[in-house]
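Just so it is clear: in the sequence shown, position 84 is 87 by the numbering used here, and no numbers are missing.
Even for Gly, the Cβ is constructed at its ideal location relative to N, Cα and C.
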Amino acid sequence: RVEPMHAAPHPATPHPGHEVFFEVGLLVILSVIALAVGQWLHKNNIYWFPESAATILIGFLCALLESFTEAGREEKAYERKEYFDPLFFNLFLLPPIIFESGYSLNMKVFFSNIFTINVFAVLGTLISTSVTWLLLSTLTALPVREAGSFAALISAVDPVATLATFGALRVDHKLNTLVFGESVLNDAVSLIIFSTILHAPANFSLASLPSVGLDFIGTFCLSFAYGTLIALVAVLIFRTLGLAKHGHTPITEVLIFWALSYLSFVLPEVPHLAAIVACLFCGIFMRLYALPNLSNEAAKHLDFMLKTISTLADTLIFLLVGLALVLYLPHTDMKLSGITIISCLLGRALNVFPLAAVCNLFRAEPIKIQEQGVMWHAGLRGAIAVALAVQVPGPWRDTIAASTMTTVLFTTFVLGGSTKFLLDTLQIPVGVEAILDVESNIMHPALERLSKKWLLGSSVTT
């Protein structure tokens, strides 16, 4: 309705979206600062202060300063918990990181160590989770279900700081691949165990473990099939469209490739499968079979785009962890945090050293004891553990989230910062020349001929 001419104007009120614009702008500014600081640390060869640790510190200092302002004091707790929103994390930040992890693997080195990586990722994670679960349920007041959920999520390793040091120093390819490959698959295994325990019946007990194991195997296999199917669909689309034959539409090729890679993460969430598993293996198989059906120009653009988005997502994740620290640290239980850190270190030791001894029985090139020490030391915890911790239901959520963040801080600053010292002490080879990622000769010759005939097509990128 039209108001009369003499009506007093409505007082100006701030637009509710202005706060969101400000927060997004602040996050962009913090990202620029974090990237600049990380570049400065890398340029000056400062290995004792990891880039991920610097990013967490920047986010924490910003949130700490904001908490002293009038707006910060008036901000409600539930509003501040949006600093680390699991939905935003799972929808926008995690997919590019997981897909790029699978896509950028050195296929030749990865597949030559696939048995060892799977042993560490699956059996090792189960051992770490079991040890941590036993200690938490015995030495703390956590109920059995909460202790199991916490043990599963805190067993997700995220050695970003370690791998950054590996890359800067050009550490031995075998060791780099073992640590990186295990960490990616380990995240998927931890997530499946966490989800299985979380959705177990209310009367959950240790007697329920066999059914939990069956659910784990079924979820893993279905998720793997989901990711493989999407990769095959991508191959079919690119071969049908034949975009690589003329190479005039590289942007279109990249966009279609990226859209399909994103689907590999979001679609498996609909039937409650493990999106990390599906996205990871989709990245591996799209690299092997979809990429050769792209034009050379599109392939170059794609590599750059995936790495750029992944780096930005990594930076945002550690910034958000730092921002969330201010909220959750007041809930820290020092006893629980101390037992958690000890459990992680002990579980990692009981995981790495015995399994390495078993794997050495079947390896042509054994894993040396010095390399085993580095693998144990690389058991850092990161953003995936935090994202799972804030999803734990019930009254223990804030305490578990606080202990998770304490563990992340300890492993990132202490273990991540001492990586260079450990490499020097154990005399691990550095400055190793890069191995050409030859994607042929990684499978049986008959399978290779079949894949070239039906999947790679006639236009192969070089």
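{"Check": "Reference residue 101; option with closest CA among 422, 267 and 293", "Outcome": "267"}
{"Check": "First and last residue of the uninterrupted alpha helix (DSSP H) at residue 124", "Outcome": "Where residue 124 is concerned, there is no enclosing alpha helix (DSSP H), given that its DSSP letter is neither H nor E."}
{"Check": "Bridge-paired residues (DSSP) for residue 160", "Outcome": "384"}
{"Check": "Residue span of the alpha helix (DSSP H) that contains residue 394, given as start and end", "Outcome": "Segment: none, residue 394 is in no alpha helix (DSSP H) and carries neither H nor E."}
{"Check": "CA-to-CA distance, residue 304 to residue 251, given in whole angstroms", "Outcome": "13 Å"}
{"Check": "Residue 277 (DSSP reduced to helix, strand or coil)", "Outcome": "coil"}
{"Check": "Residue 117 in three-state terms, based on DSSP", "Outcome": "helix"}
{"Check": "Where residue 57 falls: helix, strand or coil (DSSP)", "Outcome": "helix"}
{"Check": "Buried versus exposed, by CB contacts within 10 Å (16 or more), residue 254", "Outcome": "exposed"}
{"Check": "Classification of residue 248 by the beta-carbon crowding that lies within 10 angstroms, buried from 16 upward", "Outcome": "exposed"}
{"Check": "Distance CB(residue 194)-CB(residue 230) smaller than 9 Å", "Outcome": "no"}
{"Check": "Residues near residue 179 by beta carbon distance below 6 Å, same chain, minus five either side", "Outcome": "169"}
{"Check": "Residue of 182, 196, 380 and 264 minimising C-alpha distance to residue 288", "Outcome": "264"}
{"Check": "C-alpha gap between residue 25 and residue 415, whole angstroms", "Outcome": "29 Å"}
{"Check": "Candidates 426, 403, 397 and 368: closest to residue 381 by CA position", "Outcome": "426"}
{"Check": "For residue 276 and residue 93, the rounded distance between their alpha carbons", "Outcome": "13 Å"}
{"Check": "Cutoff 6 Å; reference residue 286; Cβ partners in own chain excluding five residues on either side", "Outcome": "102, 105 and 106"}
{"Check": "Three-pair Cβ contact test at 8 Å for the stretch 116 to 127 versus the stretch 181 to 193", "Outcome": "yes"}
{"Check": "Same chain, Cβ closer than 7 Å to residue 219, neighbours up to 5 away in sequence not counted", "Outcome": "195, 196 and 199"}
{"Check": "Same chain only: Cβ atoms within 7 Å of residue 173, ignoring 5 sequence neighbours per side", "Outcome": "433, 434 and 435"}
{"Check": "Inter-stretch contact at 8 Å, needing at least 3 Cβ pairs: the stretch 48 to 62 / the stretch 320 to 333", "Outcome": "yes"}
{"Check": "Closest Cα partner of residue 399 within the set 141, 257, 331 and 306", "Outcome": "331"}
{"Check": "Sufficient close CB pairs (3 or more, under 8 Å) joining the stretch 346 to 354 to the stretch 369 to 388", "Outcome": "yes"}
{"Check": "Sub-9 Å separation of residue 153 and residue 135 beta-carbons", "Outcome": "yes"}
{"Check": "Same chain, Cβ closer than 7 Å to residue 466, five either side skipped, listed in chain order", "Outcome": "Residue 466 lies beyond the range of the chain shown here (4 to 465); nothing can be said about it."}
{"Check": "For residue 294 and residue 256, believed in contact at Cβ under 8 Å, the rounded distance", "Outcome": "Actually they are not in contact, since the Cβ atoms of residue 256 and residue 294 sit about 10 Å apart, beyond 8 Å."}
{"Check": "Start-to-end residues for the alpha helix (DSSP H) that takes in residue 93", "Outcome": "No alpha helix (DSSP H) holds residue 93; DSSP gives it neither H nor E."}
{"Check": "Proximity to residue 343 [Cα-Cα], best of 222, 30, 131 and 116", "Outcome": "131"}
{"Check": "Three-state secondary structure assigned by DSSP to residue 105", "Outcome": "helix"}
{"Check": "Three-way DSSP call (helix, strand, coil) for residue 373 in this model", "Outcome": "helix"}
{"Check": "Alpha-carbon to alpha-carbon, residue 21 and residue 366", "Outcome": "59 Å"}
{"Check": "Secondary structure of residue 241, DSSP reduced to three states", "Outcome": "helix"}
{"Check": "Sequence-distant residues of its chain with Cβ nearer than 6 Å to residue 246 (five each side left out)", "Outcome": "252 and 256"}
{"Check": "Assumed close pair residue 326, residue 62 - CB separation to whole angstroms, cut-off 8 Å", "Outcome": "4 Å"}
{"Check": "8 Å CB neighbourhood of residue 405 in its chain, flanking five on each side removed", "Outcome": "331, 332, 333, 334, 335, 336 and 340"}
{"Check": "DSSP-derived helix/strand/coil call for residue 169", "Outcome": "helix"}
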